[in-house]
Amino acid sequence: MKRSIRVPFSALLLLMVAMCALLSFRVAVVVRGVIGGGGDAAGAAEDADVISAALLRLSAADPGEATLRKDAEFLLGGDIPQAVRPGRIDGTWRLEFGHLEARPRPDMRAPIRLLLPKDYGIIPVFRRALRDCCSLNELHERSRGITESHRYSRLLFEPEVMSELPDLVKLPIDSHHHARLRSNGSDGGGEPLGPPRRRYGTCAVVGNSGILLQSAHGELIDSHDLVIRLNNARIAGFRRHVGSRTSLSFINSNILHQCARREGCFCHPYGADVPIVAYTCQAAHFLDYALCNASDPLLLVTDPRFDVLCARIVKYYSLKDFAETTGRPLDQWGTAHDEQMFHYSSGFQAVMLAVGLCEEVSVFGFGKSTSAKHHYHTNQRAELDLHDYEAEYAVYRDLVRRPHAIPFLNESGFPVPRLVFYHPDY
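Mapping of the sequence shown onto the working numbering: residues 26 to 451, in sequence order.
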């Protein structure tokens, strides 16, 4: 009787790893060859297809998705995941005995004890926000045929979200301001307020690079219809270089987490009427959003589909640059860039937000110089390892020169507005 041949699982696993490594090495070599112009035209075209398929596939992979999903499940169940327990990050919230508790600052003798969550409704708000971020509503699931294993919206790729940004961000801000004007009797002498514009006219995105101190663009920045600033960067003492107006504050949730520990959740260095858009770095930070949103209706979080789009674009350019400059297999990119922590910068997403909200975009304070500090308002000189600024600079150049060539964004059908970067490299 013939016996079936059984291959050990470990051998199959080694074979799969070897095949992936071989493909990655071929792609790395092909990238360098195509860029260098070697080979015949037919071969180059075939190789370009191999490059494109590999880069797009790898860019769509998110190694941090499993951690996000696990953390969300823990939090929705009322627990704090191991990844965000005290000791792993600076100052996190804890759910304990039905209370919402914050770790104390070093100068405090005891934790900050808040009222019961049921008194404020914080926990339901938190869970609703977390579900909105990390899962789909039932109707949307049914319409798209999404199964339980694919509930998490960060798995969804919907580049059309670029066209929805005015409704997601500008509309709620305009509605709030209009309601406040009416309540204050400042509605133009009783005349009804006209419908807000679909998009802002001219927008300035003000980064934090030290190169801002090498020019005096303050008045030019303030002349824009909308001025976006990043991570609560300081204005005082720098107005000649960075301007004085702020229309929209864009922050990451690490900044929001710091604000949530202050009395009244104060996060408005530019004024209480300046709206805030935040993107969440960790699932646990939705507790901060829930706490602050209770007293701040002008606090918005980025749509997770927008987060996915930004992440894929930056990762694509990072992978491509890695292959071109090192010649190493693409499967080594994760080690070089710590793929579990790799993330786009706040500045990159702020620029993409302006692209979706504005008819014309001017960008200041992006880029670097050997003679300038990393941030104009701090003494930090080094860049953070979890960002690939060179990849982001490459995206900016393509936004200016050939936006139609930007992968993933070119699937949105969205017309990219005119961009001007006030930096000689763009």
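Built from N, CA and C at the ideal position, the CB exists for glycine as well.
It is roughly 44 Å from the alpha-carbon of S240 to the alpha-carbon of V75. Listed in chain order, the non-local C-beta contacts of V445 below 6 Å within the same chain comprise S387, local neighbours out to five positions each way being set aside.
Per DSSP, the continuous beta strand (DSSP E) segment holding V231 begins and ends at Y225 to V231.
For R443, the uninterrupted beta strand (DSSP E) run begins and ends at R443 to F446, by DSSP.
When beta bridges are read from the DSSP output, E385 appears opposite T227 and R443. The region 352-365 and the region 326-335 do not touch, with fewer than three beta-carbon pairs separated by less than 8 Å. DSSP places L206 outside any beta strand (DSSP E); the residue lies instead in the alpha helix (DSSP H), whose first and last residues are L196 to S208. Taking a contact as a CB-CB distance under 8 Å, the pair E384 and P442 counts as one, their CB atoms being some 5 Å apart.
Y225 has its alpha-carbon roughly 37 Å from the corresponding atom of D363.
Each of L312, E288, S84 and A261 was checked against the Cα of S278, and the nearest Cα belongs to L312. Shown here for S84: same chain residues with a beta carbon closer than 6 Å to its own, the five before and five after excluded, namely R337, K340 and Y341 in chain order.
For I246, the enclosing alpha helix (DSSP H) begins and ends at G243 to D247.
For R254, DSSP records a beta bridge to V231 and S274.
Shortest Cα-Cα distance from K398 to any of R82, C306 and N233 involves N233. DSSP places L325 within a strand segment (E or B) once states are collapsed to three. Our two residues, S396 and H429, have alpha carbons roughly 34 Å apart in a direct line. Less than 8 Å divides the Cβ of L324 from the Cβ of A303.
Cβ neighbours of P294 within its own chain (closer than 7 Å, five residues either side excluded): N257. The closest CA to that of H412, considering only V380, N435 and C335, is found on C335.
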